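Numbering (the UniProt record's numbering) for the sequence shown: 1 to 334. Positions of the beta carbon are idealized from the N, C-alpha and C atoms, including for glycine. From a predicted model like this one, the values you see are computed outputs, not experimental measurements.
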Amino acid sequence: MNQTQQIQITAYLKKHLATTGDIHFKAFKGGASNLTFSIKDENNEWIMRTSPPGTKAKGAHDMHREYQLLKQLHDDFPLCPKVVLMCRDDSVFEREFYLMQPINGIIIRRQLPEIYQDADLSLLCKELIQVHHQLHQVPTEKLQRFNKGSGYIDRQISGWIHRYTRVAPAQDIAEPVIKWLVNNQPEDNRPYTLIHNDYKFDNVVFDRKNNSQIIGVLDWEMTTIGDPLMDLGCSLAYWFEGTDHELLKQISMMPTYLDGMLTRDEMVHQYSLASGMSFDNYHYYYIYGLFRLAVILQQIYYRYEHGQTDNQAFKPLGMVRDLILKQALDQLKT
Numbered sequence: 001m002n003q004t005q006q007i008q009i010t011a012y013l014k015k016h017l018a019t020t021g022d023i024h025f026k027a028f029k030g031g032a033s034n035l036t037f038s039i040k041d042e043n044n045e046w047i048m049r050t051s052p053p054g055t056k057a058k059g060a061h062d063m064h065r066e067y068q069l070l071k072q073l074h075d076d077f078p079l080c081p082k083v084v085l086m087c088r089d090d091s092v093f094e095r096e097f098y099l100m101q102p103i104n105g106i107i108i109r110r111q112l113p114e115i116y117q118d119a120d121l122s123l124l125c126k127e128l129i130q131v132h133h134q135l136h137q138v139p140t141e142k143l144q145r146f147n148k149g150s151g152y153i154d155r156q157i158s159g160w161i162h163r164y165t166r167v168a169p170a171q172d173i174a175e176p177v178i179k180w181l182v183n184n185q186p187e188d189n190r191p192y193t194l195i196h197n198d199y200k201f202d203n204v205v206f207d208r209k210n211n212s213q214i215i216g217v218l219d220w221e222m223t224t225i226g227d228p229l230m231d232l233g234c235s236l237a238y239w240f241e242g243t244d245h246e247l248l249k250q251i252s253m254m255p256t257y258l259d260g261m262l263t264r265d266e267m268v269h270q271y272s273l274a275s276g277m278s279f280d281n282y283h284y285y286y287i288y289g290l291f292r293l294a295v296i297l298q299q300i301y302y303r304y305e306h307g308q309t310d311n312q313a314f315k316p317l318g319m320v321r322d323l324i325l326k327q328a329l330d331q332l333k334t
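Here it is, written out as structure tokens:
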């Protein structure tokens, strides 16, 4: 965000939020999708969310959709951020953005925070799954605008395949995974729920005092109504465990592979206990989650490769994409 844009946003906020004193902007680092900034005046702080520059996949980075979802969701699921303001005026900023109240606490990213060094890590895992199940129990009557109706599994499989083919690399190893997903698609017979589609440690906030309690869930840009086990599969795709290949643990964005963390099987068992669902084989949903993650990585890498962003953090994502696809290929053999 350049100085001219900051001046324009400052004037807009003074008009709509009656801000006081100087406005200070700070970009949050590490995001690979939507961009996030902290905005502070003398008395308040807000979090600004906006889309990245460059070409976007159809339906991606829809700030107004995300704002409307959070606005309608907060009463029934207060762990989501409370939105404050939506700006759709291109003269203020080159892209739409919205503001929300911050949720301050502990976020578990690549390195385990010091506060958890001697903690029972299984409690964090169980809390993560419990809140995921709570999210799946949210009433959806007010959220039907986000429901595309029956056929969710088929839409996801065909949709992610289509997205991948649009940005597929020249040296592509995904074909066996794609064929397997198409040929082994399960029946779409579960009741649909609200699903987050990006639910993982680095998108939840733990309380600083009761540090095994989640007080916030972030990053709702891919939320919709659909099959909860597809949502669980998306989460499991990020869950590397101690017995996985060493390279997967090295690229992991969260320390899920550490001793004391639950395994994928144990996480699924915890979800089964919370939901009352009985399912012995989550294989399909996990492989779907891995393929979907590979597509997301390739979409980001494609932007970097074609000069739509110069963020050097995206440079190794082609290699990461292939590691994820190889994990999916290995799962086909089990």
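| query | Can you give the Cα-Cα distance for Leu218 and Glu187, rounded to whole angstroms? | reply | 30 Å
| request: Figure out for me which residue from Leu248, Ser272, Met253 and Gly318 has the closest Cα to the Cα of Gln327. | output: Leu248
| Entirely enclosed alpha helix (DSSP H) segments - the region 135 to 203, minimum 4 residues | 152 to 167 and 175 to 183
| field | Simplified DSSP state of residue 335, which is helix, strand or coil | value | In this structure the chain extends from 1 to 334, so residue 335 is not present and cannot be described.
| From what residue to what residue does the alpha helix (DSSP H) around Ser212 run? | Ser212 -> no alpha helix (DSSP H), and no H or E assigned at all.
| request: Locate the beta strand (DSSP E) running through Thr224, then write down its first and last residues. | output: Thr224 to Gly226
| task | Give me the Cβ distance between Ala237 and Ile129, rounded to the nearest whole Å; I'm assuming they're in contact under 8 Å. | result | Not really, about 15 Å apart at Cβ, beyond 8 Å.
| request: Would you tell me roughly how many angstroms separate the C-alpha atoms of Asn311 and Glu305, rounded to the nearest one? | output: 10 Å
| field | Host alpha helix (DSSP H) of Thr10 (start-end) | value | Gln3 to Leu17
| In terms of residue numbering, what span does the alpha helix (DSSP H) encompassing Val92 cover? | Careful: Val92 lies outside any alpha helix (DSSP H) and carries neither H nor E.
| field | C-alpha gap between Leu332 and Val182, whole angstroms | value | 13 Å
| In terms of residues, what are the limits of the beta strand (DSSP E) holding Phe25? | His24 to Ala27
| DSSP-derived helix/strand/coil call for Glu45 | strand
| task | Would you kindly check if the distance between the Cβ of Glu42 and the Cβ of Asp22 is under 9 Å? | result | yes
| Inter-residue Cα distance where the pair is Leu69 and Glu94 | 22 Å
| request: Mind the definition here: the region 253 to 264 touches the region 220 to 228 only if three or more C-beta pairs lie below 8 Å; say whether that holds. | output: no
| query | What is the DSSP secondary structure of Met86, reduced to helix, strand or coil? | reply | strand
| field | Inter-residue CB distance, Ile214 and Val204 (contact presumed, cutoff 8 Å) | value | 5 Å
| request: Report yes or no: do three or more beta-carbon pairs, one from the region 68 to 84 and one from the region 97 to 110, lie closer than 8 Å? | output: yes
| field | Delimiting residues of the alpha helix (DSSP H) encompassing Tyr116 | value | First-last for Tyr116: undefined, no H or E at that position.
| field | Bounding residues of the alpha helix (DSSP H) (the contiguous stretch that carries Met319) | value | Leu317 to Leu332
| field | Those residues which DSSP pairs with Met100 across a bridge | value | Ile47 and Val83
| Are there 16 or more other CB atoms within 10 angstroms of the CB of His24, so buried, or fewer, so exposed? | exposed
| Distance CB(Asp198)-CB(Met230) smaller than 9 Å | no
| said: Going by C-alpha to C-alpha distance, which of Thr10, Leu323, Tyr302 and Asn211 sits closest to Phe314? | reply: Tyr302
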